[in-house]
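Protein chains in written order, with my numbering: chain A, 1 to 108; chain B, 109 to 752; chain C, 753 to 930. Ideal placement from N, C-alpha and C gives every residue a C-beta, glycine not left out. Data block below; observations after.
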Amino acid sequence: MPSSDFLQQVGLPHYLILSAILFVAGMAGVLLRRNAMVILMSVELMLNAVNLSFVAFSHYLGQMDGQVMVFFVMTIAAAEVSVGLAILVSIFKRFKEINIRFFEHLKG
Amino acid sequence: MTQQTLMAILILSPLVGFLINGVRYKKHSAEVAGAIATGAAVISFISALIMVIDLVGMPAEERRITVQFFDWITIEKLKISAGFTLDQISAIMVLVVTGVGSLIHLFSIGYMRHDKGVAKYFSYLNLFLFNMLLLVLGDNLLVMFVGWEGVGLCSYLLIGFWFTDKEKAAAGMKAFITNRVGDAAFLLGMFVLFLTFGTLNFQEINHMVPLTSELMWMAPITLGTLFLFIGATGKSAQIPLYVWLPDAMAGPTPVSALIHAATMVTAGVYMIIRLNPLFMMAPNTMMVIAIIGGLTAVLAATIGMTQWDIKKVLAYSTVSQLGYMFLACGVGAFGAALFHLMTHAFFKALMFLGSGSVIHAMHEEQDIRKMGGLKKHLPYTHATFFVGWLAIIGAPLLSGFFSKDEILWQSFHSPRGHVLFWIMGVLGAVMTAFYMTRLMALTFWGKSRVSKDVHPHESPMIMLIPLIVLAILSAVGGWIGIPHIISEILPGQPGNILETWLEPLIKAVPGTEAGEPSQEWALMATSVTLAAISAFVAFHFYVKDPAKPKKVAESLGKVYEVVYNKYFVDEAYFGWIINPLVKLSKGIWYYVDVNFIDKTTYVVADLVRGGGQFVRGMQNGNIQQYAMYIGLGVVAMMTYVLMR
Amino acid sequence: MSADVFLFWFLAILTLAGGLTTVLVTNPIYSALALAFAMIGVSALFVTLNAYFLAGVQLIVYAGAVTVLFVMVLMMFDLKHEITAFTRGKFTGLVKSGTVALLAGILVGAIAMTSDLFLKISGTPEVALGGGDGTKELGKILFSKYIFGFEALGILLLIVAIGAVALARSKGGTHAKQ
């Protein structure tokens, strides 16, 4: 791509590419980290990336629907975080560990 | 009553009896089960009688009642209906089957009274009657084949009735398997005939036959009839498939009387008589039939002369007499064959039932060396058996005389006959007279050799009545088939009623010239005299001079041994056919089934299990891996979408 | 380069740095901090996109409540040892990284390939919906078109609240030593 043009003007692709990279980073965290807390944090990162892309679309297409989506996503993400952390607390109380390599109970 | 209803009653009544007795076989006592079964048989007989009376009232050319109940098979050219025909031939057969059958059912009530499985026995008897009626009345080869197989099944069930005894069960199996071999040939015959004629209906085939007088039809017709005849040798115990009949004596005696004397074994003869126009078109087959019939008649008679079991003697006698019927068919005397079938049913059933009475009196003893002098203990049995004896040896004026003589005359006189056939027939008659007199002498006459602890007593009335009825029939039953030379000298010149009755269906062999009466008288006199001499010799041997036969047997030495052992035919079959087949089966089982087929299934099972284990590895509980799979899936999908 | 362009690039780098740090450092407290940072960056990006309301909500909910939750729970765990931070097997690690890289490549490539389509609608278009104040429009559309979802969200939050309390009070599951 013509580099100067890319760097001089900011448009939708920029936001989308940023969102994509954040999303992929979050996904890497989900796949590669062992600490359950960090996995949850990576999920939050992914959700934020998606929010970003929604808002970008909403801005550049001139519609409000994207922002409404973000509204919903944020609410749900917050709810999910609280429940997830509550579960994590229960697990810690029981197993005294949050390293997921000990939690292979779904095996077989 | 319409004809349809009558026909339905005739055929289905034994089936109903079978079902009632079969379902309640634990609850019914001998009297109840027997009453139901005999009632069913009698109902069949009465409906048959009514229909035959109807037939008599019809003009000769149209004497046929055909009832088609439903279309059974309709596939392109193969159209088979469940159809039943009562015409002149089947009328006689049906009356014999149901009439003699009813008498034997009655006898069984007394004979099997103390048996534990008596209701089962009666249900089998009724089932047999039903299948026999299917066989006799079916209007096409396939319905007849259903009955054919059915009677084979019932024969197996009844022979092996006391199946807890291994030998008896084996005898049942032998009968069934030997029959099966014949049935395979029967099927082949049906195939050939269907290919040739496009139909399996008797009437249609018989009508088409005159159109086949060109030479090129000879081959398929000869082949088809030959196959059918081989099937008949299985069912009717001729060489080479007769070996099951003597073993079949392991069953209860009334079974031997019904199935192996009067009805089932005559099925083969009946089939040939039904298809007589077809067989007439195949002179080669008829030659084979005549030769085998004659040989069987002589062979079985020789074996019968050496046997010590009362039922075995009668069994070989049956095989021999069946040979006569086939001989008659082979030379074109189908009417004579049917006549002899009927008279044989009377006197052979009589003698089997009589032997049943003897065995019952002797508390299950069957060896005639342990009998003798039973005349004074069993007067009625002896009297009726005496009539049967006279009939079978061909004493003049009794039924056996007329039928056997007709066969002998035809085997000489018919264009397809030969003097050698006549000689074989006479030889058989001589030996028949000998061994039957021997049987009478050793069982009823002479000094008693009964062991001390056996007290023979006469049988109850319920067993004697059938004997008396059959004795009367054996005596006078022959009068419907008086040959012409005799009827001419009788007042009123009654003529041959049977021949006239069968006229439209059984035509004389083309090329028959009028017989010389003097020739016929001469032949008749010769055979009767020779038989009488033979009977007298036997009487002398076994009553007056018991030591003589032993000396004769010893002097014959090796020959006697061979004949006594039934020419080692059974052993030959075992050694040359059965054992190699068993070995082959075992070999195939091992090398093909165990090694190959089973291994294939194991391999497949292992593959599946291995695959499962492999896939199971994916479920390792590591949720990050699961997430990775999801990610991979997303990547794949996106690649696909973007590539389009 | 103009101001908003520079702003974008600056904020983008910051947010990206925050995100990457979240995933890559071993100490979870540092991860939580970096996450907060990334969220603030995203909020700022919302502002550049004229989504002021959402920017505020993002700060309050995410950078405020969620981050605090994370840190509180981390404090409660009081992990004394360094847990093996990254995934165990080398091969599976490679496959996972590969998957991730692939996805990244596909996404970026897809966006780049269709970028002419996007550039047509790029620049700073007139936000046809009430200029700099999209909040009013957001409110309008939320309470008319998406009212059902809005109410459902309310119920969901109620359930979540109850559920979280119930979970926290439990004594550790069915196999717990009572």
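**Message:** Between the alpha carbons of E878(C) and A36(A), how many angstroms are there, rounded?
**Reply:** Numbered from its first residue, the third sequence carries residue 878(C) at position 126. Numbered from its first residue, the first sequence carries residue 36(A) at position 36. Residue placement at E878(C) cannot be trusted, given a pLDDT of 45 that sits under 50; what the coordinates show is reported in the next sentence. Taking the straight line from one Cα to the other gives about 44 Å.
**Item:** Residue-level contact to chain A via CB, A277(B), 7 Å cutoff
**Value:** Residue numbering aside, residue 277(B) sits at position 169 when the second sequence is read from its first letter. False, the Cβ-Cβ gap to chain A never drops below 7 Å.
**Prompt:** Does any residue of chain A bring its CB to less than 7 Å from the CB of G882(C)?
**Reply:** The sequence position of residue 882(C) within the third sequence is 130, counting from 1. The predicted position of G882(C) is uncertain, since its pLDDT is 41 and thus under 50; no value can be drawn from it.
**Asked** So the alpha helix (DSSP H) G496(B) belongs to, where does it begin and stop?
**Response** To locate residue 496(B), count along the second sequence from 1; it is residue 388. Element bounds for G496(B): 487-501.
**Item:** Cα-Cα separation, L638(B) to M479(B)
**Value:** Mapped onto the second sequence, residue 638(B) falls at position 530. Mapped onto the second sequence, residue 479(B) falls at position 371. Here the C-alpha atom of L638(B) lies approximately 28 Å from the C-alpha atom of M479(B).
**Request:** Pick out the complete beta strand (DSSP E) segments inside the region 23-98 of chain A, 3 residues or longer, and give them in chain order.
**Result:** Correct list: empty.
**Message:** If we define contact as Cβ-Cβ less than 7 Å, is G84(A) a contact residue for chain C?
**Reply:** The residue you call residue 84(A) lines up with position 84 of the first sequence. For G84(A), the closest Cβ of chain C is not nearer than 7 Å.
**Prompt:** Between T774(C) and chain B, is there a C-beta pair that is closer than 7 Å?
**Reply:** The count along the third sequence starts at 1 and reaches residue 774(C) at position 22. Closer than 7 Å: no.
**Prompt:** Based on the DSSP secondary-structure assignment, which residues constitute the bridge partners of I173(B)?
**Reply:** Start at 1 with the first residue of the second sequence, and residue 173(B) comes out as number 65. L194(B), per the DSSP bridge assignment.
**Request:** Taking C-beta pairs closer than 9 Å, name the residues in chain B that K848(C) reaches, listed in chain order.
**Result:** To locate residue 848(C), count along the third sequence from 1; it is residue 96. What K848(C) touches in chain B: Q732, Q733, A735, M736, G739.
**Prompt:** Run through DSSP, which three-state label would W587(B) get?
**Reply:** Stepping through the second sequence from its first residue, residue 587(B) is reached at position 479. It is helical.
**Message:** Tell me which residue opens and which closes the alpha helix (DSSP H) that L905(C) is part of.
**Reply:** As a working note, residue 905(C) is residue 153 in the third sequence. Note, L905(C): alpha helix (DSSP H), 899-921.
**Asked** CA-CA distance, G882(C) and S849(C)?
**Response** For the purposes of this step, residue 882(C) is taken as residue 130 along the third sequence, with counting starting at 1. For the purposes of this step, residue 849(C) is taken as residue 97 along the third sequence, with counting starting at 1. Because G882(C) sits at a pLDDT of 41, beneath the cut-off of 50, its placement in the model cannot be relied upon, and the following sentence gives the value as read from the coordinates. So the two alpha carbons sit approximately 45 Å from each other.
**Prompt:** Of the residues that make up the region 783-812 of chain C, which ones have a beta carbon closer than 8 Å to any beta carbon in chain B?
**Reply:** Within the region 783-812 of chain C, not one residue has a Cβ closer than 8 Å to any Cβ of chain B.
**Prompt:** Which whole runs of the alpha helix (DSSP H) in the region 389-457 of chain B are 4 residues long or more, in chain order?
**Reply:** Within the region 389-457 of chain B, the complete alpha helix (DSSP H) runs of at least 4 residues are 391-412, 418-438.
**Assigned secondary structure, I59(B) (DSSP; H/G/I helix, E/B strand, else coil)** = Since the first residue of chain B shown is 109 and the last is 752, residue 59(B) is not available in this structure.
**Prompt:** Relative to the C-alpha of G585(B), which residue among I593(B), V670(B), L610(B), A499(B) is closest?
**Reply:** For the purposes of this step, residue 585(B) is taken as residue 477 along the second sequence, with counting starting at 1. Residue A499(B) is the option with its Cα nearest to G585(B).
**Distance, F192(B) Cα to I763(B) Cα** = Residue 763(B) lies beyond the range of chain B shown here (109 to 752); nothing can be said about it.
**Prompt:** Of all the residues that make up the region 22-35 of chain A, which are near chain B by a beta-carbon distance shorter than 7 Å?
**Reply:** Correct list: M27, V30, L31.
**Prompt:** R382(B) to V175(B), Cα distance in whole Å?
**Reply:** Here the question's residue 382(B) lines up with position 274 in the second sequence. Here the question's residue 175(B) lines up with position 67 in the second sequence. Using only the alpha carbons, I get a separation of about 17 Å.
**Message:** For S90(A), would you say it is in contact with chain C, using Cβ-to-Cβ distances shorter than 7 Å as the test?
**Reply:** Residue numbering aside, residue 90(A) sits at position 90 when the first sequence is read from its first letter. Taking Cβ atoms only, chain C reaches closer than 7 Å to S90(A), which makes this a yes.
**Prompt:** Rounded to whole angstroms, how far is the Cβ of T426(B) from the Cβ of V373(B), which I believe are closer than 8 Å?
**Reply:** Stepping through the second sequence from its first residue, residue 426(B) is reached at position 318. Stepping through the second sequence from its first residue, residue 373(B) is reached at position 265. The C-beta separation of T426(B) from V373(B) comes to about 7 Å, placing the pair in contact by the 8 Å criterion.
**Message:** Taking 7 Å as the threshold (C-beta atoms), are L45(A) and T774(C) in contact?
**Reply:** Your numbering for residue 774(C) matches position 22 in the third sequence. Your numbering for residue 45(A) matches position 45 in the first sequence. Here T774(C) is near L45(A), since their CB atoms are less than 7 Å apart.
**Message:** Looking at chain B, is there any beta carbon in it that lies within less than 7 Å of the beta carbon of L909(C)?
**Reply:** Taking the third sequence and counting its residues from 1, the one referred to as residue 909(C) is at position 157. Output row for L909(C): interface = no.
**Asked** Using 7 Å as the limit for Cβ to Cβ distance, is S53(A) near chain C?
**Response** Position 53 of the first sequence, counted from the first residue, corresponds to residue 53(A). Against chain C, the CB of S53(A) has no partner CB under 7 Å away; the residue lies outside that interface.
**Asked** Which residues of chain B have a Cβ atom closer than 9 Å to the Cβ of I100(A), listed in chain order?
**Response** Translated into positions along the first sequence, residue 100(A) becomes position 100. By Cβ distance, chain B contributes N730, I731, Q732.
**Message:** Quick check on S582(B): buried or exposed, where buried means 16 or more other Cβ atoms within 10 Å of its Cβ?
**Reply:** Mapped onto the second sequence, residue 582(B) falls at position 474. If you draw a 10 Å sphere on the C-beta of S582(B), you find 16 or more other C-beta atoms in it, and that means buried.
**Prompt:** What do you reckon, are the CB atoms on V803(C) and V55(A) nearer than 7 Å?
**Reply:** In the third sequence, counting from the first residue as 1, residue 803(C) sits at position 51. In the first sequence, counting from the first residue as 1, residue 55(A) sits at position 55. This sequence places Ala at residue 803(C); Val is not what is there. Yes, the pair counts as a contact, with Cβ atoms nearer than the cut-off.
**Request:** Would you mind telling me which residues of chain C sit closer than 7 Å to I17(A), beta carbon to beta carbon, in chain order?
**Result:** Here residue 17(A) refers to the residue found at position 17 of the first sequence. Near I17(A) (Cβ distances below 7 Å), the residues of chain C are V860, I863.
**Message:** Contact criterion: CB-CB distance below 7 Å. Does H59(A) meet it with respect to chain C?
**Reply:** Within the first sequence, the letter at position 59 stands for residue 59(A). It does: the Cβ of H59(A) has a partner Cβ on chain C nearer than 7 Å.
**Item:** Whole-angstrom C-beta distance between I476(B) and A358(B), which should lie under 8 Å
**Value:** In the second sequence, counting from the first residue as 1, residue 358(B) sits at position 250. In the second sequence, counting from the first residue as 1, residue 476(B) sits at position 368. Contact doesn't hold; Cβ gap of about 17 Å is too wide.
**Request:** Verify whether the separation of the beta carbon atoms of T414(B) and Y219(B) is less than 7 Å.
**Result:** Start at 1 with the first residue of the second sequence, and residue 414(B) comes out as number 306. Start at 1 with the first residue of the second sequence, and residue 219(B) comes out as number 111. For T414(B) and Y219(B), no; Cβs fall outside 7 Å.
**Asked** Under a CB-based cut-off of 7 Å, is S896(C) close to chain A?
**Response** As a working note, residue 896(C) is residue 144 in the third sequence. Answer no: the Cβ-Cβ gap between S896(C) and chain A never drops below 7 Å.
**Request:** Report the option in I285(B), S189(B), T304(B) whose CA atom is closest to the CA atom of N248(B).
**Result:** Mapped onto the second sequence, residue 248(B) falls at position 140. The residue with the shortest Cα to Cα distance from N248(B) is S189(B).
**Request:** Measure the alpha-carbon distance for M316(B) versus V164(B) and round it to whole angstroms.
**Result:** Numbered from its first residue, the second sequence carries residue 316(B) at position 208. Numbered from its first residue, the second sequence carries residue 164(B) at position 56. If you take the alpha carbons of M316(B) and V164(B), they lie about 27 Å apart.
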